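First comes the structure, then the notes that go with it.
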Amino acid sequence: MKSRLINKTLKKRWYWFSPILLIFAWFFILPPGFDNPYSTVIEDRNGKLLGALIADDGQWRFPPPDSIPDRMKACIILFEDKNFYAHPGIDPGAIVRAIKLNMQHGKIISGGSTISMQVIRMMRKGKPRTVPEKLLEMSMALRLEMMYTKEEILSLYLSHAPFGGNVVGVEAASWRYFGTSTFSLTWADAATLAVLPNAPSLIHPGRNREILLEKRNSLLDRLLAREIIDSISWMLALSESLPGKPKPLPQSAPHLLAAMHAQHKGKRIVTTIDKYIQQNAQASLNRHVKALKENEIHNAASMILEVESGNVLAYVGNTTLVSGDHGEMVDVIKAPRSSGSILKPLLYAAMLQDGDILPGTLIPDIPTRMTGFSPKNFNDTYDGAVPADKALSRSLNVPAINMLQDYGVERFQSFLKEMGMTTLHRTSGAYGLSLILGGAEASLWDLSGIYAGMSRTLNHFYEQSGKYNSNDYHAPVLIIDDKLEKVTLSNDTRLSASAIWLTYKAMEEVNRPAIQENWHKFAAPKRVSWKTGTSFGFRDAWAIGTDPSYVVAVWAGNADGEGRPGLTGIIAAAPLMFELFGMLPAGIECFEQPWDEMLYIPVCRHSGYRIGPDCEIADSIWIPKAGLRSEPCPYHRIVHLDKYGRHQVREQCYDINDMLHASWFILPPAMEWYYKARHPWYRVLPPYMDGCSPTDQDGAMAFIYPDWDAKIFIPVELDGSPGEAVFEIAHRNPDAAIYWHLDETYLGITTHRHQMGIRPEKGEHIVTVVDATGEIAVVRFTIVSE
1346 MKSRLINKTL
1356 KKRWYWFSPI
1366 LLIFAWFFIL
1376 PPGFDNPYST
1386 VIEDRNGKLL
1396 GALIADDGQW
1406 RFPPPDSIPD
1416 RMKACIILFE
1426 DKNFYAHPGI
1436 DPGAIVRAIK
1446 LNMQHGKIIS
1456 GGSTISMQVI
1466 RMMRKGKPRT
1476 VPEKLLEMSM
1486 ALRLEMMYTK
1496 EEILSLYLSH
1506 APFGGNVVGV
1516 EAASWRYFGT
1526 STFSLTWADA
1536 ATLAVLPNAP
1546 SLIHPGRNRE
1556 ILLEKRNSLL
1566 DRLLAREIID
1576 SISWMLALSE
1586 SLPGKPKPLP
1596 QSAPHLLAAM
1606 HAQHKGKRIV
1616 TTIDKYIQQN
1626 AQASLNRHVK
1636 ALKENEIHNA
1646 ASMILEVESG
1656 NVLAYVGNTT
1666 LVSGDHGEMV
1676 DVIKAPRSSG
1686 SILKPLLYAA
1696 MLQDGDILPG
1706 TLIPDIPTRM
1716 TGFSPKNFND
1726 TYDGAVPADK
1736 ALSRSLNVPA
1746 INMLQDYGVE
1756 RFQSFLKEMG
1766 MTTLHRTSGA
1776 YGLSLILGGA
1786 EASLWDLSGI
1796 YAGMSRTLNH
1806 FYEQSGKYNS
1816 NDYHAPVLII
1826 DDKLEKVTLS
1836 NDTRLSASAI
1846 WLTYKAMEEV
1856 NRPAIQENWH
1866 KFAAPKRVSW
1876 KTGTSFGFRD
1886 AWAIGTDPSY
1896 VVAVWAGNAD
1906 GEGRPGLTGI
1916 IAAAPLMFEL
1926 FGMLPAGIEC
1936 FEQPWDEMLY
1946 IPVCRHSGYR
1956 IGPDCEIADS
1966 IWIPKAGLRS
1976 EPCPYHRIVH
1986 LDKYGRHQVR
1996 EQCYDINDML
2006 HASWFILPPA
2016 MEWYYKARHP
2026 WYRVLPPYMD
2036 GCSPTDQDGA
2046 MAFIYPDWDA
2056 KIFIPVELDG
2066 SPGEAVFEIA
2076 HRNPDAAIYW
2086 HLDETYLGIT
2096 THRHQMGIRP
2106 EKGEHIVTVV
2116 DATGEIAVVR
2126 FTIVSE
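Going by my numbering, the first residue of the sequence shown is number 1346, and it counts up by one from there.
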């Protein structure tokens, strides 16, 4: 009896609590959500589609959009669920109508499903359409409405509904069938897409397309009846034809798409790219590569940056001309490639900033040989000495080596890293002096960011009252949502505005040797500061230029590193760079000089150094304030001549009252040897009067080759005979006779061109040379092989 009473009590409690428990359990019946893979989609800065990659499951399925066009929204709601905004996830009226309709036809004609219920069915992926499953869908639809807004539910539906074939989602369908975004669809287009999820097989190449046309037109009639469209729009929509076969998706930036897919797979990325500029840049590059292919040069890449923001306007990772396996799919923009001469402006700017040189400072330009390294100028000639700015504009290699030797390899490498180069992974010792001539690797990505930072520094100088923005130097910006660090202003900067301005001025005057004299044909209507580069073995050709508004960087070559004759920056890269500049919108014409950070000082006209006490002729130039730390002219000194000015004399042998005292520009012998041949105005020092020659050496001659303690390899000739090393001396007096000795053995005499072929044995040796006045020059060297 007691047991029955307990059971009865429990049943009574269950009767009251079971609904509560069911409601509680219902809160845990969560929609399963979507785990479908999405296509990777990239858009330009204005939301225009640049390209997309198919999802991992082989479907074109774009990530859900942020918003839905009103036309598409009106069509899909009217066709699928006219009470969508009124019901809580299920529509009892629609269910009743569906039951009546199904009973009349004796089969399932309609399921009475709301958009929310259809979202649940798509989430659950192909569950059988049974009554229990239907009830579960209804329950989950109610929960879905509690978790998401109506707009979010509609977005989920339109992003996962089938639209025929392997097209899923309205955005992918819009591009595949109409070649445009959903925001550009006509009423006829939107109505066509609205009816497809209900019968996706009707779209091309499906059969019975007349049924699709009938469904579309019926929906258009309903839109007119509800006054969603007017009669004119209705008539125009009815006259439109159905879409044909699916269209290919845009591929405006295939290499950028691959890069974004690797980093942001299955995401929608709004980039900084301008689609119009991107497409024109790709077309220009393809035309350029088509011409280069005649010389078996198959690849090129280019970037265009907006200076102020650092935004990438065009990202052309390679040509899209595919003609065999030539590495066209390789994205070269971030690939490390041999830098050639492209880093020379950065060394010039760094030395200006630190006061190591002035723009016109003479830099030695003579044959230079170092251990395992013998740099030569591109045209294989030497000037003896060249002003630093002209060495940059002419891209001379030997002066660049001498500048880097003075500045320091480790110091320069550190400077490059601070500027934003990310490709310098070896030690400074591993690079050595070849760092400035292509011994290091650079990328278009890094170089573009560095030059944009330099240009921003100049542009911001006056608007920030001479202070520097900590955020002026940063990597190029490729994604709209990327945020830069907070801006702080200070007196410190990686490069001063004055050093940058003077560097850009030198780069505006770019010139080339006679064999490249047609460079001026590439000149753009805009004032551009630009530089080219060519790597060793003609493997990489570079050109980079900037004005206050844009940076354009170009690389040309072969992705596999094969070198080709004529693969130089001036021929293979510069024409494309100027073509790209020519298509950009007009901007600020030129950089403003940072007057407040510069000084106008006198310098020696001949040497470019700060004027010294013995300089006769001075010019005035603008320099960075740090230039006051540079040394005064070392090449002028007072010389004492006889009263006719024909000979040098000394007070020990000539009456001081009859002496002429003159300021003389005197270069070291090796520099003078080459300098006087290119500068007819250069005056060689007169010889000493007989009996007046000083007893100590006055530096009238110097070895051009070899350097002290050089290690020399002497190969065997093709006929098996031993080869020889050619030693060379420079002497101030062109008529001097020089006597040569190897160790203790006399070798012979030379006049005019002082070269001597020598065949020493393996080991350490000394060559001694003596001129007719008794001056001696000595060099020690080692033969390492025969």
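Note that CB positions come from ideal geometry on N, CA and C, so glycine has one too. From a predicted model like this one, the values you see are computed outputs, not experimental measurements.
Per-residue burial, residue i [other beta carbons within 10 Å of its own, 16 or more giving buried]
i: residue 1998; result: exposed
i: residue 1608; result: exposed
i: residue 1591; result: buried
i: residue 1459; result: buried
i: residue 1935; result: exposed
i: residue 1993; result: buried
i: residue 1565; result: buried
i: residue 1807; result: exposed
i: residue 1790; result: buried
i: residue 1388; result: buried
i: residue 1731; result: buried
i: residue 1436; result: buried
i: residue 2053; result: exposed
i: residue 1796; result: buried
i: residue 1492; result: exposed
i: residue 1586; result: exposed
i: residue 1371; result: Because residue 1371 carries a pLDDT of 48, less than 50, the predicted location of this residue cannot be relied on, and no value is offered for it.
Close Cβ partners of residue i (< 7 Å) along its chain, the five nearest in sequence each way excluded
i: residue 1720; result: 1713, 1742, 1743, 1746, 1782
i: residue 1606; result: 1385, 1398
i: residue 1932; result: 1892, 1893, 1894, 1895
i: residue 1860; result: Since pLDDT at residue 1860 reaches only 40, below the 50 mark, its modelled position is unreliable, and the value read off the structure follows with that caveat. Counting only Cβ-Cβ distances below 7 Å, and skipping sequence neighbours, we find 1724.
Cβ shell of residue i (< 8 Å), same chain only, five flanking positions each side left out
i: residue 1963; result: 1947, 1948, 1949, 1950, 1956
i: residue 2057; result: 2051, 2070, 2126, 2127, 2128, 2129
i: residue 2049; result: 1711, 1712, 2015, 2018, 2073, 2074, 2075
i: residue 1728; result: 1710, 1741, 2019, 2020, 2023
i: residue 1700; result: 1969, 1971, 1972, 1973, 1974, 1975
i: residue 2110; result: 2087, 2088, 2125, 2126, 2127, 2128
i: residue 1983; result: 1959, 2006, 2007, 2008, 2009
Length of the line joining the Cα atoms of residue i and residue j
i: residue 1898; j: residue 1989; result: 59 Å
i: residue 1378; j: residue 1494; result: 15 Å
i: residue 1854; j: residue 1409; result: 52 Å
i: residue 1970; j: residue 1778; result: 28 Å
i: residue 1965; j: residue 1940; result: 15 Å
i: residue 1429; j: residue 1405; result: 27 Å
i: residue 1535; j: residue 1488; result: 29 Å
i: residue 1659; j: residue 1922; result: 13 Å
i: residue 1912; j: residue 1881; result: 10 Å
i: residue 1433; j: residue 1547; result: 31 Å
i: residue 2046; j: residue 2124; result: 12 Å
i: residue 2003; j: residue 1986; result: 9 Å
i: residue 1793; j: residue 2055; result: 40 Å
i: residue 1553; j: residue 1383; result: 30 Å
i: residue 1623; j: residue 1597; result: 7 Å
i: residue 1657; j: residue 1769; result: 23 Å
i: residue 1736; j: residue 2120; result: 33 Å
i: residue 1529; j: residue 1414; result: 9 Å
i: residue 1662; j: residue 1639; result: 21 Å
Any non-hydrogen atom of the ligand MN closer than 7 Å to residue i Cβ
i: residue 2105; result: By its list of ligands, the structure shown contains no ligand whatsoever, and the ligand MN lies outside what it can speak to.
Assumed close pair residue i, residue j - CB separation to whole angstroms, cut-off 8 Å
i: residue 1900; j: residue 1677; result: 6 Å
i: residue 1576; j: residue 1569; result: 7 Å
i: residue 1764; j: residue 1691; result: 7 Å
i: residue 1698; j: residue 1841; result: 5 Å
i: residue 1845; j: residue 1694; result: 6 Å
i: residue 1482; j: residue 1465; result: 5 Å
i: residue 1486; j: residue 1461; result: 4 Å
i: residue 1599; j: residue 1396; result: 6 Å
i: residue 1588; j: residue 1549; result: 7 Å
Cβ-based neighbour list, residue i, same chain, cut-off 6 Å, excluding 5 preceding and 5 following
i: residue 1952; result: 1707, 1978, 1980
i: residue 1573; result: 1419
Could you name each continuous beta strand (DSSP E) segment of 3 residues or more that falls completely within the stretch 2008-2091, going from the start of the chain to the end? Listed in chain order, the complete beta strand (DSSP E) runs (minimum 3 residues) inside the stretch 2008-2091 are 2046-2050, 2055-2058, 2070-2076, 2082-2087.
Completely contained beta strand (DSSP E) runs for the stretch 1795-1836, where each covers 3 or more residues: You should have found no qualifying run.
Counting only runs that start and end within the stretch 1876-1952, where is the alpha helix (DSSP H) found for 4 or more residues in a row? Note on the stretch 1876-1952: whole alpha helix (DSSP H) runs with a minimum of 4 residues are 1919-1927, in chain order.
Mind listing, in chain order, the continuous alpha helix (DSSP H) runs of no fewer than 4 residues lying wholly within the stretch 1572-1659? Complete alpha helix (DSSP H) runs here, min 4: 1576-1584, 1599-1608, 1620-1637.
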